[in-house]
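Participant: Take any residue in the sequence shown, count from 1 to its spot, add 143: that is its number in the working numbering.
Glycine included, each C-beta is placed from N, C-alpha and C at the ideal position.
Mind having a look at this structure? Questions to follow.
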Amino acid sequence: IQRYVNDFFPNKVLPTFMNYVRVPNTTPSSDPNWKQTGNLLKAAELIVTWIKSLNLKDAKVYLLQDGDHTPFIFADIAATRKNDDRTILFYSHFDKMPATTGWDEGKGATKPVIENGRLYGRGTADDGYASFSVFTAVKCCQDHGVPLPRICITIEGCEESGEEDLRYYFLKLKPIFGNVALFVCMDAGCEDYKRLWVTTTLRGTVQAKVTVNTLSLDLNANLTSGVVPDNYLIMRTIIDALQNEKGEILVPELNLPEDLIPPERVEQCKKVAEIKGEQYKKDVPLYEETEALQSDIYQLVLNKCWRPCLTVIGADGIPKFEDSGNVMKPNLSFQISFRLPPHVDCEKAKEAIDKKIKESIPFNANVQVDIPFCSNGWDLNTFSKRIENTLNNGSKSFFGNELCYRGEGGSIPFVEFFQEHFPKADLANLGIAGMDCNEHGPNESLDLDACKKFIMTLAYLMSEY
144 IQRYVNDFFP NKVLPTFMNY VRVPNTTPSS DPNWKQTGNL LKAAELIVTW IKSLNLKDAK
204 VYLLQDGDHT PFIFADIAAT RKNDDRTILF YSHFDKMPAT TGWDEGKGAT KPVIENGRLY
264 GRGTADDGYA SFSVFTAVKC CQDHGVPLPR ICITIEGCEE SGEEDLRYYF LKLKPIFGNV
324 ALFVCMDAGC EDYKRLWVTT TLRGTVQAKV TVNTLSLDLN ANLTSGVVPD NYLIMRTIID
384 ALQNEKGEIL VPELNLPEDL IPPERVEQCK KVAEIKGEQY KKDVPLYEET EALQSDIYQL
444 VLNKCWRPCL TVIGADGIPK FEDSGNVMKP NLSFQISFRL PPHVDCEKAK EAIDKKIKES
504 IPFNANVQVD IPFCSNGWDL NTFSKRIENT LNNGSKSFFG NELCYRGEGG SIPFVEFFQE
564 HFPKADLANL GIAGMDCNEH GPNESLDLDA CKKFIMTLAY LMSEY
């Protein structure tokens with residue numbers, strides 16, 4: 144496996160992977176004209192063409208695009224293992240986040256660059272590598288005549304914009320999947336590249352847009368300050384009601400008491416803190432002397448996985464310096480992202496946030512609250528000894544260390560959706576996107592050596608599970 148992948152990857156994978164980076168296939172929420180630009184379809188066609196060039200045996204590859212739904216790739220590879228009716232179902236996505244600014248000189252979202260063993264470009268770590276990895280693993284097994292169970296692979300084009308399209312295609316294809324024994328989601332992260340990491344928890348989310356209105360038009364601040372309450376004062380009062388100066392969330396419905404965190408998850412968080420140590424903080428590019436929220440690494444791990452948090456991710460109504468003009472603006476909007484611990488009901492959290500904001504409005508200001516989206520967190524409950532042993536052996540063989548477990552600060556709502564439809568199937572949330580990958584931001588990159596080891600582990604998983 145090692146010899147095969149080390150030879151195959153640079154010659155047969157990397158050139159097409161770099162061409163994929165060159166396509167600006169931005170997710171639909173950031174490219175409303177995706178049908179007209181055709182970039183999502185172009186990226187999907189590039190991947191499908193590459194898959195077909197592998198000449199996989201007994202493989203049917205489909206590029207679906209129903210109505211206004213985004214393109215969707217589905218591959219169905221027949222079983223070659225006798226007396227085994229099980230299916231291993233893999234998932235990844237090919238749409239990308241917007242380019243953003245701030246890339247180093249010579250690098251860019253659609254300019255693939257290899258430097259110090261990393262491939263730079265949008266979509267490298269999130270989640271382009273996964274599609275190329277799983278098909279390379281299948282090719283490796285087939286070229287060595289290794290009997291495999293049935294393999295189904297789904298690659299969607301709308302992950303970064305929501306779940307509607309994935310749910311549509313999933314329900315359409317569900318009768319075709321057959322007896323799914325294992326679902327592998329390849330959209331997770333990792334803590335380091337010295338071992339394989341299984342993500343056991345994901346946080347839920349509530350997105351809220353809060354708009355404060357105090358004036359009917361722009362007014363000279365010299366005349367209004369001290370008379371009219373500043374929009375930011377009102378917004379700050381609202382934020383203070385939701386979160387204290389230590390970053391702790393003050394809405395009880397969003398918090399999970401620590402005695403309700405499963406003991407095995409507590410031990411996994413302690414293990415992460417032990418393995419990472421101070422590197423856990425160093426992985427985050429803090430500016431100069433800026434400090435983390437807490438000095439204790441274990442508490443930071445708990446913060447990321449099992450405690451709610453609030454982040455202001457966008458604002459409207461604050462002009463740029465050059466456009467400011469000493470004017471008091473009529474309104475201010477904040478886009479606020481709440482992350483929820485697993486086992487917290489997102490609908491109850493949503494109601495509590497809405498209530499708390501409306502109870503906290505000073506000066507009888509007009510405040511509008513729009514909460515268009517929420518999702519529950521997730522806690523792994525279907526992970527048999529069989530999958531654990533297989534992945535652990537793969538981790539030791541190719542990464543050199545035993546398998547480890549981690550919680551993820553992000554959300555993959557579809558994982559819970561899948562678990563509802565296949566409650567008895569094993570579920571493995573895998574990935575090699577470390578903190579240094581900077582997904583969604585400038586200089587997104589992928590560790591190519593880790594990618595090859597990931598492919599090797601997938602090949603081993605297919606052959607042994």
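If we count Cβ pairs, one from each stretch, closer than 8 Å, do we get three or more for the region 395 to 403 versus the region 372 to 381?
Facilitator: These segments do not touch.
Participant: CB-CB under 6 Å to Tyr234, same chain, minus the five flanking residues each way: which ones, in chain order?
Facilitator: Looking up residue 234 in the sequence shown gives position 91. If we look at Tyr234 and ignore the five residues flanking it on each side, its Cβ neighbours are Thr297, Cys328.
Participant: Kindly indicate which three-state DSSP category Glu303 falls into: helix, strand or coil?
Facilitator: On the sequence shown, residue 303 is found 160 positions in, with the first residue counted as 1. DSSP places Glu303 in helix when its eight states are reduced to three.
Participant: How far does the alpha helix (DSSP H) with Asp247 in it extend, from its first residue to its last?
Facilitator: Looking up residue 247 in the sequence shown gives position 104. Segment: none, Asp247 is in no alpha helix (DSSP H) and carries neither H nor E.
Participant: For Glu587, name the three-state secondary structure that DSSP assigns.
Facilitator: Working through the sequence shown from its first residue, we reach residue 587 at position 444. Here Glu587 sits in coil by DSSP.
Participant: When you compare each of Thr192, Ala252, Ile220, His236 to Thr213 by their alpha carbons, which one comes out closest?
Facilitator: Position 70 of the sequence shown, counting from 1, holds the residue named residue 213. Minimum Cα distance to Thr213 is reached at His236.
Participant: Assign Phe464 to one of three DSSP states: helix, strand, or coil.
Facilitator: For the purposes of this step, residue 464 is identified with residue 321 of the sequence shown, where counting begins at 1. Of the three classes helix, strand and coil, the one that applies to Phe464 here is helix, per DSSP.
Participant: Comparing C-alpha positions only, which one of Gly266, Leu534, Ile504, Ile514 sits nearest to Gly251?
Facilitator: Reading the sequence shown from its first residue, position 108 is the one you call residue 251. Among Gly266, Leu534, Ile504, Ile514, the Cα nearest to that of Gly251 is on Gly266.
Participant: Quick check on DSSP: helix, strand or coil for Asn581?
Facilitator: Residue mapping note: residue 581 aligns to position 438 of the sequence shown, counting from 1. Asn581 falls in the coil class under three-state DSSP.
Participant: Mapping the DSSP letters down to three states, classify Phe215 as helix, strand or coil.
Facilitator: Taking the first residue of the sequence shown as 1, we reach residue 215 at position 72. Of the three classes helix, strand and coil, the one that applies to Phe215 here is strand, per DSSP.
Participant: Going by DSSP, what residues sit across from Arg261 in a beta bridge?
Facilitator: Here residue 261 refers to the residue found at position 118 of the sequence shown. Looking at the DSSP assignment, Arg261 forms a beta bridge with Glu258, Asp590.
Participant: Jot down the residue ranges of each uninterrupted beta strand (DSSP E) in the region 146 to 228, minimum 3 residues, whole runs only, in chain order.
Facilitator: Whole beta strand (DSSP E) segments, 3+ residues: 202 to 207, 215 to 220.
Participant: If you pair each beta-carbon of the region 243 to 257 with each one of the region 585 to 594, do three or more pairs fall below 8 Å?
Facilitator: Yes: the two stretches touch, three or more of their Cβ pairs being nearer than 8 Å.
Participant: Could you tell me which residues DSSP pairs with Ser480 in its beta bridges?
Facilitator: Numbered from its first residue, the sequence shown carries residue 480 at position 337. Partner(s): Gln350, Thr454.
Participant: So what's Thr253 in DSSP terms, helix, strand or just coil?
Facilitator: Position 110 of the sequence shown, counted from the first residue, corresponds to residue 253. Residue state, collapsed to three classes: coil.
Participant: Is DSSP giving Ser503 helix, strand or coil here?
Facilitator: The count along the sequence shown starts at 1 and reaches residue 503 at position 360. Ser503: coil per DSSP, three-state reduction.
Participant: Whole angstroms is fine: what's the gap from His287's alpha carbon to Phe275's?
Facilitator: Here residue 287 refers to the residue found at position 144 of the sequence shown. Here residue 275 refers to the residue found at position 132 of the sequence shown. Distance between the alpha carbons of His287 and Phe275 is about 19 Å.
Participant: Does the beta-carbon of Arg529 have 16 or more other beta-carbons within 10 angstroms, so that it is buried, or is it exposed?
Facilitator: Against the sequence shown, residue 529 aligns to sequence position 386. Its Cβ having fewer than 16 others within 10 Å, Arg529 is exposed.
Participant: Can you give the Cα-Cα distance for Glu434 and Lys425, rounded to whole angstroms?
Facilitator: In the sequence shown, counting from the first residue as 1, residue 434 sits at position 291. In the sequence shown, counting from the first residue as 1, residue 425 sits at position 282. Their backbone Cα atoms lie some 10 Å apart in a straight line.
Participant: Where Phe217 and Ser304 are concerned, what is the direct C-alpha to C-alpha distance, given to the nearest angstrom?
Facilitator: Mapped onto the sequence shown, residue 217 falls at position 74. Mapped onto the sequence shown, residue 304 falls at position 161. Their Cα atoms are separated by approximately 19 Å.
Participant: So what does DSSP say about Tyr430, is it helix, strand or coil?
Facilitator: Position 287 of the sequence shown, counting from 1, holds the residue named residue 430. Looking at Tyr430 - three-state DSSP - the assignment turns out to be coil, as it is neither helix nor strand.
Participant: Which residues does DSSP pair with Phe516 in a beta bridge?
Facilitator: Position 373 of the sequence shown, counted from the start, is the residue given in the question as residue 516. In the DSSP output, where bridge partners are listed per residue, Phe516 has Gln350.
Participant: Identify whether Ser276 lies in helix, strand or coil by the three-state DSSP scheme.
Facilitator: In the sequence shown, the residue the question calls residue 276 occupies position 133. In this structure, Ser276 counts as helix in the three-state DSSP scheme.
Participant: Are Gly553 and Leu291 closer than 9 Å when you measure CB to CB?
Facilitator: As a first step, residue 553 is located in the sequence shown; it is residue number 410 there, counting from the start. As a first step, residue 291 is located in the sequence shown; it is residue number 148 there, counting from the start. No.
Participant: Going along the chain, which residues of its own chain have a beta-carbon closer than 7 Å to the beta-carbon of Arg261, five neighbours each way excluded?
Facilitator: For the purposes of this step, residue 261 is taken as residue 118 along the sequence shown, with counting starting at 1. The residues are Ser588, Leu589, Asp590, Leu591.
Participant: Just grab the DSSP bridge partners of Leu325 for me.
Facilitator: Here residue 325 refers to the residue found at position 182 of the sequence shown. Answer is Ile231, Asp569, bridged to Leu325.
Participant: Taking the C-alpha atoms as reference points, what is the distance between Tyr311 and Asn162?
Facilitator: For the purposes of this step, residue 311 is identified with residue 168 of the sequence shown, where counting begins at 1. For the purposes of this step, residue 162 is identified with residue 19 of the sequence shown, where counting begins at 1. Rounded to whole angstroms, Tyr311 to Asn162 spans 29 Å at the Cα level.
Participant: Can you give me the Cβ contacts of Phe516 inside the same chain, cut-off strictly under 6 Å, excluding the 5 residues immediately before and after it?
Facilitator: As a position in the sequence shown, residue 516 is number 373, starting the count at 1. Answer for Phe516: Gln350, listed in chain order.
Participant: Per DSSP, which one or two residues make a beta bridge with Gln386?
Facilitator: Looking up residue 386 in the sequence shown gives position 243. Gln386 pairs with Ile392.
Participant: Out of Val470, Gln411, Leu453, Asn469, which has the shortest C-alpha to C-alpha gap to Gln442?
Facilitator: In the sequence shown, residue 442 corresponds to position 299, counting from 1. Out of Val470, Gln411, Leu453, Asn469, Gln411 has the C-alpha closest to the C-alpha of Gln442.
Participant: Using three-state DSSP, classify Gly420 as helix, strand or coil.
Facilitator: Here residue 420 refers to the residue found at position 277 of the sequence shown. Looking at Gly420 - three-state DSSP - the assignment turns out to be coil, as it is neither helix nor strand.
Participant: Can you list, in chain order, the residues of its chain whose CB lies under 6 Å from that of Glu299, leaving out five sequence neighbours each side?
Facilitator: Reading the sequence shown from its first residue, position 156 is the one you call residue 299. Counting only Cβ-Cβ distances below 6 Å, and skipping sequence neighbours, we find Phe215, His236, Leu309.
Participant: According to DSSP, simplified to helix, strand and coil, what is Gln599?
Facilitator: Here residue 599 refers to the residue found at position 456 of the sequence shown. Per the sequence shown, residue 599 should be read as Met rather than Gln. DSSP places Met599 in helix when its eight states are reduced to three.
Participant: Could you tell me whether the region 436 to 455 touches the region 466 to 482, where touching means 3 or more Cβ pairs closer than 8 Å?
Facilitator: The region 436 to 455 is in contact with the region 466 to 482.
Participant: Between Glu551, Ala202, Leu206, Leu207, which lies nearest to Ala221 when the distance is taken from Cα to Cα?
Facilitator: Numbered from its first residue, the sequence shown carries residue 221 at position 78. Per the Cα distances, Ala202.
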